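Trainee:
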Amino acid sequence: MKLCMIGTGYVGLVSGVCFSDLGNDVICVDKDADKIKQLKKGNIPIYEPGLAELVIKNYKNKRLNFSTDLKKSIKDSDIIFICVGTPTKKNSSSADLSQVYSVSKEISSSINKFKIIITKSTVPVTTGDEIEKIISKKNNKKKFSVVSNPEFLREGEAIRDFIFPDRIVIGSNDKKSNRILKNLYNPLISKGAQYVNTSRRAAELIKYASNSFLATKITFINEIANLCEKTGINIEDISIGMGLDKRIGSRFLRAGPAYGGSCFPKDTKAIISTAEKFKTNLSVIKSVIKSNQNRSNLLLNKVYEILNKKIKNKRITFLGVTFKANTDDMRDSSSLKMIPALSKKGAIIKYFDPTGYKKEFKKIKNVFYENTIRKSVESSDLVIVHTEWNDFKSINFKNLVKGKKFIIYDMRNIYSPTKIKAQGFKYFCIGR
Ligand code: UGA
């Protein structure tokens, strides 16, 4: 099978590389010529553990290639994956589908034999219907099939998630396409992945409903953590006690800062906007968004309380500023709300992140990047552990900053309160 991935962002690049590693011929296309040139040299535009090695290996053995020539790549391929961005529209909460539709037009003028056209980008319900309309303007419906095959890759774990997915969702009623796609995914199905065949619209909604449900689960446990703090209960006991019920499940029950990233905030908004189009009120998801937006204020209030409301000239360190570990992605990270708010109140902020300096804080007053953990914490009054990087999990603060003492606010619960307190540090965490 010859595969064409349109868009070499997160989804397109990771999926393309993994498909080539499974033995398929894959061409990854992007209109950004410099990106394509760099990829051919093995320079990867995104931070994802293990991705560079797989790109280099599969490019060398010629199963993976890169191109800017969209028309030729479509003509040469049997299966076309649309993997372009669907960001939130400016001044609205719905998804901007302009890239998806413009690519669909390009596909429509390059169909030379039967093609399966797949949306891997997260697209609202009925987008597949629209793509089909666009392509059928120039082509007989027998020459193509539009399928929804959403991705469930987490940043930082994307390769593992691709190789060992819980499920593969194929949204199509076309028998021929279903047979071909089941065959394509067979190496993963034979290792235990569930294959779920639904209507196209159902597959589109499965993606949004899944992300919204996970966002709800996190927000739920965050609110329960607030109650734990008031009642002297350890939130981790609650997560374990609830998670062992198979109907609930233990994953995504870690309390912490507001959820962020390029998906949950965007997709929860977009599903509400889709529902409104169909005159349906998704009140649960609406309150999740509200609660999550309020969470950074709640944690900021806790910071003010910890520092006895005296923030001016206080030296505050952030360990980790990305929205989660194993990524350099800053999109919708809660640090983007907390750091400017503390700076505005007169704090002097230093941060260390394993993925380096962040341009997002360039214009924020009194915010400085330090390139080692020690330099970032040594003169601090308060150290905030914002992201759960492994790099932070075994820090011995006592040895690191001999004789100095600061307060630690562990927003990811990565330390044992007894051990940290035994080292002589005042320690706060989430829901325990
Ligand atoms: C998410 C989904 O998990 C993927 O299945 C999906 O494919 C992807 O969006 C997407 O739509 O492309 P991602 O945004 O990369 O993946 O990251 P997650 O690991 O889901 O984390 C999202 C946020 O939730 C982070 O801020 C993280 O810190 C937070 N989180 C996660 C918690 O606060 N607690 C948890 O227990 C789990």
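My numbering numbers the first residue of the sequence shown as 3 and each following residue consecutively.
Don't be surprised by glycine CBs; every beta carbon is placed ideally from N, CA and C.
Keep in mind the model is a prediction, meaning the values are calculated, not measured.
1. Does residue 243 come out as helix, strand or coil in the three-state DSSP assignment?
2. Would residue 30 pass as a contact of residue 53 if the rule is Cβ separation under 8 angstroms?
3. What whole-angstrom Cβ distance do residue 79 and residue 5 have, given they're in contact under 8 angstroms?
4. Any idea what DSSP makes of residue 286, helix, strand or coil?
5. Closest to residue 434 by CA distance: which of 340, 241, 427 is it?
6. Determine the DSSP secondary structure at residue 230, reduced to helix, strand or coil.
7. Between residue 276 and residue 126, how many whole angstroms is the CB-CB distance? I'm expecting something under 8 angstroms.
8. Are three or more beta carbon pairs between the region 355-371 and the region 415-427 nearer than 8 angstroms?
9. With a threshold of 7 angstroms, establish whether the CB of residue 220 neighbours any heavy atom of the ligand NAP.
10. Put residue 417 into one of helix, strand or coil per three-state DSSP.
11. DSSP state of residue 131, grouped into three classes?
12. Which residues bound the beta strand (DSSP E) around residue 69?
13. Could you check whether the Cβ of residue 129 sits closer than 7 angstroms to any heavy atom belonging to the ligand UGA?
14. Could you check what DSSP says for residue 322 in three-state terms: helix, strand or coil?
15. I need the straight-line Cα distance from residue 73 to residue 315, nearest angstrom please.
16. For the beta strand (DSSP E) that contains residue 173, what are its first and last residues?
17. For the alpha helix (DSSP H) that residue 40 lies in, which residues bound it at each end?
18. Do the region 276-291 and the region 307-325 touch if we need at least three Cβ pairs shorter than 8 angstroms?
19. Considering just the uninterrupted stretch of the beta strand (DSSP E) at residue 101, what are its terminal residues?
20. Which residues in the same chain as residue 216 place their Cβ atom closer than 8 angstroms to its Cβ, once the five residues preceding and following it in sequence are excluded?
21. Cα-Cα, which of 85, 188, 191 is closest to residue 100?
22. Check whether the region 376-388 and the region 396-416 touch, using three or more Cβ-Cβ pairs below 8 angstroms as the test.
23. Using only alpha-carbon positions, find the residue among 156, 56, 341 that is nearest to residue 12.
Mentor: Let me spell this out:
1. Here residue 243 is taken as the residue at index 241 of the sequence shown, counted from 1. Helix.
2. For this step, residue 30 is matched to residue 28 along the sequence shown. For this step, residue 53 is matched to residue 51 along the sequence shown. Against a cut-off of 8 angstroms, the Cβ pair of residue 53 and residue 30 comes out as no contact.
3. On the sequence shown, residue 79 is found 77 positions in, with the first residue counted as 1. On the sequence shown, residue 5 is found 3 positions in, with the first residue counted as 1. The pair is a contact, with the Cβ atoms about 6 angstroms apart (cut-off 8 angstroms).
4. Here residue 286 is taken as the residue at index 284 of the sequence shown, counted from 1. Helix.
5. Walking along the sequence shown from the start, residue 434 turns up at place 432. Measuring from the Cα of residue 434, the nearest candidate turns out to be 241.
6. Here residue 230 corresponds to residue number 228 of the sequence shown, with the count starting at 1. Correct three-state label for residue 230: helix.
7. Taking the sequence shown and counting its residues from 1, one reaches residue 276 at position 274. Taking the sequence shown and counting its residues from 1, one reaches residue 126 at position 124. Yes, residue 276 and residue 126 are in contact; Cβ-Cβ is about 4 angstroms, under 8 angstroms.
8. no
9. No copy of the ligand NAP occurs in the structure displayed; its ligands are the ligand UGA alone.
10. The residue labelled residue 417 in the question sits at position 415 within the sequence shown. Of the three classes helix, strand and coil, the one that applies to residue 417 here is coil, per DSSP.
11. As a working note, residue 131 is residue 129 in the sequence shown. Helix.
12. As a position in the sequence shown, residue 69 is number 67, starting the count at 1. Where residue 69 is concerned, the enclosing beta strand (DSSP E) stretches over 66-69.
13. Start at 1 with the first residue of the sequence shown, and residue 129 comes out as number 127. No - the ligand UGA has no heavy atom lying nearer than 7 angstroms to the Cβ of residue 129.
14. The count along the sequence shown starts at 1 and reaches residue 322 at position 320. Of the three classes helix, strand and coil, the one that applies to residue 322 here is coil, per DSSP.
15. Translated into the one-based positions of the sequence shown, residue 73 becomes position 71. Translated into the one-based positions of the sequence shown, residue 315 becomes position 313. Each residue's Cα considered, the two are about 58 angstroms apart.
16. Working through the sequence shown from its first residue, we reach residue 173 at position 171. Per DSSP, residue 173 belongs to the beta strand (DSSP E) from 169-173.
17. One-based indexing of the sequence shown puts residue 40 at position 38. Unbroken alpha helix (DSSP H) run through residue 40: 35-42.
18. no
19. Translated into positions along the sequence shown, residue 101 becomes position 99. It is not in any beta strand (DSSP E) - residue 101 instead sits in the alpha helix (DSSP H) that spans 100-110.
20. Taking the first residue of the sequence shown as 1, we reach residue 216 at position 214. Taken in chain order, the residues that qualify are 254, 266.
21. Residue numbering aside, residue 100 sits at position 98 when the sequence shown is read from its first letter. When only C-alpha atoms are compared, the closest one is 85.
22. yes
23. Taking the sequence shown and counting its residues from 1, one reaches residue 12 at position 10. Looking at the Cα atoms, 156 is the closest of the given residues.
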